[in-house]
Amino acid sequence: KQEVTQIPAALSVPEGENLVLNCSFTDSAIYNLQWFRQDPGKGLTSLLLIQSSQREQTSGRLNASLDKSSGRSTLYIAASQPGDSATYLCAVRDRNYGQNFVFGPGTRLSVLP
Amino acid sequence: NAGVTQTPKFRILKIGQSMTLQCTQDMNHNYMYWYRQDPGMGLKLIYYSVGAGITDKGEVPNGYNVSRSTTEDFPLRLELAAPSQTSVYFCASIDSPVREEQFFGPGTRLTVL
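Chains as they are written, first to last, in the working numbering: chain A, 4 to 116; chain B, 4 to 116.
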């Protein structure tokens, strides 16, 4: 059964730092991997979607990479800002699990001014 | 274009009561999902639908029912509410079965006492 983990569970950095969030999955048979942002009390907002045939995707200050063979994805945030403070979740679409997207528990990021 | 909308935002139920969580999307998406999110956990899939008249169980369907009579609406029904159903419920849809980018509603916070 596919399992998704995210380390660290929480991260606090000063404004301006570049940072990396990690996502690991146990089964490399995936269709895609998606990174989301969740603000307190809100729904999830899609940040980046990487198809299984791709190695990375970029949007503004965000860059997500995918290494299926090692079961890892990283989300790189450049020049962090206080407005980046949120919980970041990753999810994989498992080839062996029908329509189920398997989510990680998230990393809670605080960017301090 | 409102995207995915959910009502109500908050609800308190007594044990044994029933209720329906509403979800509507105006993006003409065929695929829709219901998730629950418990504190510190990833989202878990309850039910999903690949089009009007077609629904299927996800990972945690017990205690819930769904229907899909139109493309726009995908209500989730709780029968005989139990404290274990205290959670935040999210509805989502995807743009196409090829790309699979997920769009989420703002969530319904449900407490069963």
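For glycine and all other residues, C-beta sits at the position ideal for the given N, C-alpha and C.
Assigned exposure category for residue i - 16 Cβ within 10 Å defines buried
{"i": "K71/A", "result": "buried"}
{"i": "M35/B", "result": "buried"}
{"i": "Q84/A", "result": "exposed"}
{"i": "G107/A", "result": "buried"}
{"i": "T114/B", "result": "exposed"}
{"i": "F77/B", "result": "buried"}
{"i": "V95/A", "result": "buried"}
{"i": "D97/A", "result": "buried"}
{"i": "L78/A", "result": "buried"}
{"i": "V7/B", "result": "buried"}
{"i": "L15/A", "result": "The identity of residue 15/A in the sequence shown is Ser, whereas the question assumes Leu. The residue is exposed, with fewer than 16 neighbouring Cβ atoms inside 10 Å."}
{"i": "V69/B", "result": "buried"}
{"i": "F13/B", "result": "exposed"}
{"i": "A95/B", "result": "buried"}
{"i": "T110/A", "result": "buried"}
{"i": "T27/B", "result": "buried"}
{"i": "L115/A", "result": "exposed"}
{"i": "I57/B", "result": "exposed"}
{"i": "I15/B", "result": "exposed"}
{"i": "G61/B", "result": "buried"}
{"i": "R102/B", "result": "exposed"}
{"i": "V105/A", "result": "buried"}
{"i": "G43/B", "result": "exposed"}
{"i": "R64/A", "result": "exposed"}
{"i": "G19/A", "result": "exposed"}
{"i": "G44/A", "result": "exposed"}
{"i": "V23/A", "result": "exposed"}
{"i": "T111/B", "result": "buried"}
{"i": "G86/A", "result": "exposed"}
Whole-Å CB distance - residue i paired with residue j, under 8 Å assumed
{"i": "C93/A", "j": "Q9/A", "result": "6 Å"}
{"i": "D29/B", "j": "A5/B", "result": "5 Å"}
{"i": "R75/A", "j": "N25/A", "result": "7 Å"}
{"i": "N21/A", "j": "A82/A", "result": "7 Å"}
Beta-carbon contacts of residue i that lie in its chain and below 8 Å, excluding the five residues immediately before and after
{"i": "D59/B", "result": "Y50, Y51, S52, V53"}
{"i": "Q57/A", "result": "L69"}
Chain-order list of residues whose beta-carbon lies under 7 Å from that of residue i (same chain, five-residue window excluded)
{"i": "Q88/B", "result": "G66, L81, L113, V115"}
{"i": "W38/A", "result": "L50, L51, A67, L78, Y91, C93"}
{"i": "S90/B", "result": "R39, Q40, D41, L113"}
{"i": "P64/B", "result": "I49, Y50"}
Beta carbon proximity, residue i to chain E, threshold 8 Å
{"i": "E82/B", "result": "Annotation note: the requested chain E is absent from the structure, which comprises protein chains A and B."}
Residues bridged to residue i [DSSP beta-bridge criterion]
{"i": "V114/A", "result": "V16/A"}
{"i": "I10/A", "result": "N25/A"}
{"i": "G110/B", "result": "Answer by DSSP bridge pairing: none, since G110/B is not bridged."}
{"i": "D42/A", "result": "DSSP, once it has assigned bridges, lists no residue as partnering D42/A."}
{"i": "I15/B", "result": "T114/B"}
{"i": "A89/A", "result": "L112/A"}
{"i": "V91/B", "result": "Q40/B, R112/B"}
Cutoff 6 Å; reference residue i; Cβ partners in own chain excluding five residues on either side
{"i": "G19/B", "result": "L83"}
{"i": "L46/B", "result": "Y38, Q40"}
Residue i CB to nearest heavy atom of the ligand GTP below 7 Å
{"i": "W38/A", "result": "The ligand GTP is not part of this structure, which contains no ligands at all."}
Members of the segment 18–34 of chain A that neighbour chain B once the beta carbon cut-off is set at 8 Å: Answer set for the segment 18–34 of chain A: Y34.
Got a sec: which bits of the segment 41–74 of chain B sit with their beta carbon under 8 Å from any beta carbon on chain A, in order along the chain? Of all residues in the segment 41–74 of chain B, the ones placed with a Cβ closer than 8 Å to any Cβ belonging to chain A are G43, M44, G45, L46, K47, L48, Y51, V53, D59, G61, E62, in chain order.
Along the segment 96–111 of chain A, what residues have a CB closer than 8 Å to any CB found in chain B? So the list reads R96, G101, Q102, N103, F104, V105, F106, G107, P108, G109, given in the order they occur along the chain.
Counting only Cβ-Cβ distances shorter than 7 Å, please list the residues of the segment 65–76 of chain A near chain B, keeping chain order. Cβ contacts with chain B: none found.
Short-range partners of chain B found in the segment 35–48 of chain A, where Cβ spacing is below 7 Å: From the segment 35–48 of chain A, only N35, Q37, K45, G46, L47 have a Cβ closer than 7 Å to chain B.
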